[in-house]
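Novice: Offset between the sequence shown (1-based) and our numbering: plus 2. Dumping the structure here so I can ask a few things about it.
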Amino acid sequence: MNPDALAIAADLDYERKNGQVRSPLHGIPFLVKDNIASKDKLQTTAGSWALQGSIVPRDASVVNKLRKAGAVLMGKATLSEWADMRSNNYSEGYSGRGGQARSAYNLTVNPGGSSSGSAIAVSNNVVPFALGTETDGSVINPAERNAIVGIKPTVGLTSRSGVIPECTHQDTVGTFGKTVRDAVYALDAIYGVDSRDNYTSAQVGRTPQGGYVPYLSTASSLKGAKFGIPWASFWALADQEQLNILLDMVSMIKDAGATIVNGTELPYYKKIVSPDGWNWDYGTTRGFPNESEYTYVKFDFYNNIAAYLSELSNTNIRSLADIVQYNIDNDGTEGGTPGISPAFGSGQDGFLASLATGGIMNQTYWEALAFCQRTTREDGIDAALYANGAFLDALLVPPDVGQSYQIAAQAGYPVLTIPASVHSSSGMPFGLALIGTAFSEATLIKYGSAIEDLMVSSNSVYQRAMMPPQWKGYLERNVPTANQCFGC
């Protein structure tokens with residue numbers, strides 16, 4: 003926790019008392035994921051003891067923007083260590099420094115990640131909003147698994163400067179809120195062009211002049227909207243309980259005046275969507291590493307982490323090789339060797355795979371990047387949005403099917419998820435998500451808030467009152483157990 007938070011809040015209260023209100027976030031507390039730098043008394047470690055005591059050169063750009071908006075950084079939120087990059091078989095939400103993050107809905111199951119703590123904190127009313135990061139699923143997955151709103155922006159809408167990096171082409175900073183409004187207030191404060199992240203220049207001329215808050219709407223806005231249902235691509239992979247509830251929601255959206263177009267498939271879904279769940283190395287699984295997302299992520303991480311570490315002071319960790327050696331030397335706390343820690347079943351195989359690339363962006367790297375971007379962009383989401391020659395406002399997808407946000411992650415396109423219901427057996431929530439084309443956040447916010455209003459205001463089982471945490475498994479001992487990655 004930030005030891006200066008109360009003093010900062012008192013100063014901001016004084017400003018408000020004297021008529022100075024910086025923004026709607028003036029005096030509002032928030033958390034950021036522990037891979038987002040802050041130049042204060044807080045640590046920035048990605049959940050790893052390897053970076054304990056290191057000093058960052060400056061606030062991350064998004065933190066700086068929130069400070070200027072008058073928000074109060076209350077602390078850092080725990081995460082899946084190294085944002086899920088270190089291992090391919092691990093316990094989601096676990097880190098050496100933070101231990102096991104747990105969802106209030108069920109303390110014994112996967113809480114979602116890698117922005118686990120950010121989502122859980124908002125879900126439990128610790129803070130009204132929080133920031134997370136996403137390379138592939140790390141905002142949308144924990145948001146939908148904790149019954150809150152998550153906005154994963156287009157890559158380039160929010161600066162990554164000061165964020166511990168993974169993938170140049172997919173990293174983005176997103177927001178969490180109990181409502182779409184809360185998440186949008188946070189988004190409005192952090193987006194914008196930043197000279198320290200050249201990807202943000204892509205947003206010039208593609209963002210609303212007055213910000214995103216004016217696009218918040220009500221259920222009446224659904225009249226005339228057009229949504230696609232990529233049934234075979236994603237919906238067919240959802241469990242029956244989810245399907246029953248989500249299709250009821252879709253019927254309500256249709257009854258509110260929206261047009262629902264079924265079968266708006268991604269042309270290459272049979273090739274790029276794993277039938278067995280989230281798999282960012284699915285290309286290699288099929289025998290084609292030059293068609294795998296994981297191929298270019300591994301190369302990017304090797305180079306990007308070295309650049310990030312080079313700016314730190316008070317640390318001897320300067321490369322991925324240094325991190326790997328630290329984890330081996332500190333097996334008891336960091337589980338660098340497979341089988342040592344129950345939380346890291348495969349040790350640090352993700353790091354070792356990245357280390358093996360040497361950061362040399364070879365032909366396989368460029369082929370994999372080109373394939374993944376083409377089949378998820380113009381020959382993927384965009385093709386589905388222009389189904390039958392008619393422009394659709396968004397695709398509706400079940401985000402509990404991790405392949406849905408995975409495709410959006412590879413494209414670098416935005417996703418917004420809202421709560422839908424909870425599983426009757428586990429008590430864990432699931433959501434309904436909207437996917438759009440690049441820089442279509444305004445449209446997603448307009449219709450995401452409209453659907454939220456429809457569900458909350460209607461006399462239906464989807465009212466938020468029916469989704470308080472049930473604290474299932476609170477008497478059980480929760481031992482971290484390695485499992486497959488759900489988000490990075």
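For every residue, glycine included, the Cβ atom is placed at its ideal position computed from N, Cα and C. What you are looking at is a predicted structure, and each value in this text was computed from that prediction instead of being measured.
Quick one, which of Ser89, Lys180, Asp173 has its alpha-carbon nearest Asn127's?
Specialist: The residue given as residue 127 occupies position 125 in the sequence shown. Considering only alpha carbons, the answer is Lys180.
Novice: Looking only at its own chain, which residues have a Cβ that is under 6 Å from the Cβ of Gln486, when we skip the five neighbours before and after it?
Specialist: For the purposes of this step, residue 486 is taken as residue 484 along the sequence shown, with counting starting at 1. Unreliable positioning characterises Gln486 in this predicted model, as indicated by a pLDDT of 42, which lies under 50. The coordinate reading is nonetheless provided below. Excluding positions up to five away in sequence, the list is empty.
Novice: Tell me the DSSP secondary structure of Ser97 in three-state form.
Specialist: Position 95 of the sequence shown, counted from the start, is the residue given in the question as residue 97. The answer is strand: DSSP assigns Ser97 an E or B state.
Novice: Taking its Cβ as the centre, do 16 or more other Cβ atoms sit within 10 Å of Ala227, making it buried, or is it exposed?
Specialist: By 1-based counting over the sequence shown, the position of residue 227 is 225. Per the 10 Å Cβ criterion, buried.
Novice: Just the Cα atoms here: how many angstroms apart are Asn390 and Glu267?
Specialist: Residue 390 sits at position 388 when you count from the first residue of the sequence shown. Residue 267 sits at position 265 when you count from the first residue of the sequence shown. In a straight line, the C-alpha of Asn390 is about 11 Å away from that of Glu267.
Novice: Work out the CA separation of Val206 and Ser161 for me, nearest whole Å.
Specialist: In the sequence shown, counting from the first residue as 1, residue 161 sits at position 159. In the sequence shown, counting from the first residue as 1, residue 206 sits at position 204. The alpha-carbon atoms of Ser161 and Val206 are separated by roughly 13 Å.
Novice: Ile383 and Ile420 - do their beta-carbons sit closer together than 8 Å?
Specialist: On the sequence shown, residue 420 is found 418 positions in, with the first residue counted as 1. On the sequence shown, residue 383 is found 381 positions in, with the first residue counted as 1. The answer is no: Cβ separation not under 8 Å.
Novice: Would you kindly work out how many angstroms separate the C-alpha atoms of Asn66 and Ile150, rounded to a whole number?
Specialist: Looking up residue 66 in the sequence shown gives position 64. Looking up residue 150 in the sequence shown gives position 148. C-alpha separation (whole angstroms): 25 Å.
Novice: Tyr304 and Leu357 look like a contact to me (Cβ under 8 Å); what is the Cβ gap, rounded to whole Å?
Specialist: Within the sequence shown, residue 304 is the residue found at index 302, counting from 1. Within the sequence shown, residue 357 is the residue found at index 355, counting from 1. Yes, Tyr304 and Leu357 are in contact; Cβ-Cβ is about 7 Å, under 8 Å.
Novice: For the alpha helix (DSSP H) that contains Leu53, what are its first and last residues?
Specialist: Residue 53 sits at position 51 when you count from the first residue of the sequence shown. Per DSSP, Leu53 lies in no alpha helix (DSSP H) and is assigned neither H nor E.
Novice: Is Ala493 helix, strand or coil by DSSP?
Specialist: The requested residue 493 does not occur in the structure, where the chain is confined to residues 3 to 490.
Novice: Buried or exposed, going by whether 16 or more other CB atoms sit within 10 Å of the CB of Gly21?
Specialist: Sequence index remark: in the sequence shown, residue 21 carries index 19 (1-based). So Gly21 counts as exposed.
Novice: In the DSSP assignment, the alpha helix (DSSP H) including Pro144 goes from what residue to what residue?
Specialist: Along the sequence shown, read from residue 1 onward, the residue named residue 144 stands at position 142. Segment 142-146, the alpha helix (DSSP H) holding Pro144.
Novice: What would DSSP say about Pro291, mapped onto helix, strand or coil?
Specialist: If you number the sequence shown from 1, residue 291 lands on position 289. Note: Pro291 maps to helix in three-state DSSP.
Novice: To which residues does DSSP link Ser38 through a beta bridge?
Specialist: Walking along the sequence shown from the start, residue 38 turns up at place 36. The residue you asked about is not Ser; residue 38 is Ile in the sequence shown. Ile38 is bridged to Val165.
Novice: Which residue comes first and which comes last in the beta strand (DSSP E) that contains Thr419?
Specialist: Mapped onto the sequence shown, residue 419 falls at position 417. 417-424 is the span of the beta strand (DSSP E), which, as asked, contains Thr419.
Novice: Between Gly433 and Thr156, is the Cβ-Cβ spacing less than 8 Å?
Specialist: Taking the sequence shown and counting its residues from 1, one reaches residue 433 at position 431. Taking the sequence shown and counting its residues from 1, one reaches residue 156 at position 154. No.
Novice: What separation, rounded to the nearest whole angstrom, lies between the Cα atoms of Leu27 and Ala188?
Specialist: Your numbering for residue 27 matches position 25 in the sequence shown. Your numbering for residue 188 matches position 186 in the sequence shown. Rounded to the nearest angstrom, the two C-alpha atoms are 8 Å apart.
Novice: Give the range of the beta strand (DSSP E) segment to which Ala396 is assigned.
Specialist: Numbered from its first residue, the sequence shown carries residue 396 at position 394. Counting along the chain, the beta strand (DSSP E) containing Ala396 begins and ends at 396-399.
Novice: If we count the other Cβ atoms within 10 Å of its Cβ and call it buried at 16 or more, is Val182 buried or exposed?
Specialist: Looking up residue 182 in the sequence shown gives position 180. Under this definition Val182 is a buried residue.
Novice: Kindly indicate the opening and closing residues of the alpha helix (DSSP H) around Phe353.
Specialist: Taking the sequence shown and counting its residues from 1, one reaches residue 353 at position 351. Start and end: 351-359.
Novice: How about Thr317 and Ser56: are their beta carbons less than 8 Å apart?
Specialist: Your numbering for residue 317 matches position 315 in the sequence shown. Your numbering for residue 56 matches position 54 in the sequence shown. Against a cut-off of 8 Å, the Cβ pair of Ser56 and Thr317 comes out as a contact.
Novice: Using a 10 Å radius around the Cβ and a threshold of 16 neighbouring Cβ atoms, would you call Trp282 buried or exposed?
Specialist: Taking the sequence shown and counting its residues from 1, the one referred to as residue 282 is at position 280. It counts as buried.
Novice: Count Cβ pairs between the region 171-180 and the region 433-447 that sit closer than 8 Å; are there 3 or more?
Specialist: no
Novice: Does the beta-carbon of Asn143 have 16 or more other beta-carbons within 10 angstroms, so that it is buried, or is it exposed?
Specialist: Start at 1 with the first residue of the sequence shown, and residue 143 comes out as number 141. Label assigned to Asn143: buried.
Novice: Evaluate Arg147 with the Cβ neighbour count: other Cβ atoms within 10 Å of its Cβ, from every protein chain shown; 16 or more gives buried, anything less gives exposed.
Specialist: For the purposes of this step, residue 147 is taken as residue 145 along the sequence shown, with counting starting at 1. The residue in question, Arg147, is buried, as its Cβ has 16 or more Cβ neighbours within 10 Å.
Novice: Using the rule of at least 16 other Cβ atoms within 10 Å of the residue's Cβ for burial, across every protein chain shown, is Pro59 buried or exposed?
Specialist: Here residue 59 corresponds to residue number 57 of the sequence shown, with the count starting at 1. Under this definition Pro59 is an exposed residue.
Novice: Hey, Asp184 and Phe131: beta-carbon distance below 8 Å or not?
Specialist: The count along the sequence shown starts at 1 and reaches residue 184 at position 182. The count along the sequence shown starts at 1 and reaches residue 131 at position 129. Against a cut-off of 8 Å, the Cβ pair of Phe131 and Asp184 comes out as a contact.
Novice: Are the region 196-206 and the region 332-341 touching by the rule of at least three beta carbon pairs closer than 8 Å?
Specialist: Counting Cβ pairs under 8 Å, fewer than three are found: no touch.
Novice: What's the C-alpha gap between Ala435 and Ala52?
Specialist: Counting from one through the sequence shown, the residue named residue 435 turns up at place 433. Counting from one through the sequence shown, the residue named residue 52 turns up at place 50. When rounded, the distance between both Cα atoms is 36 Å.
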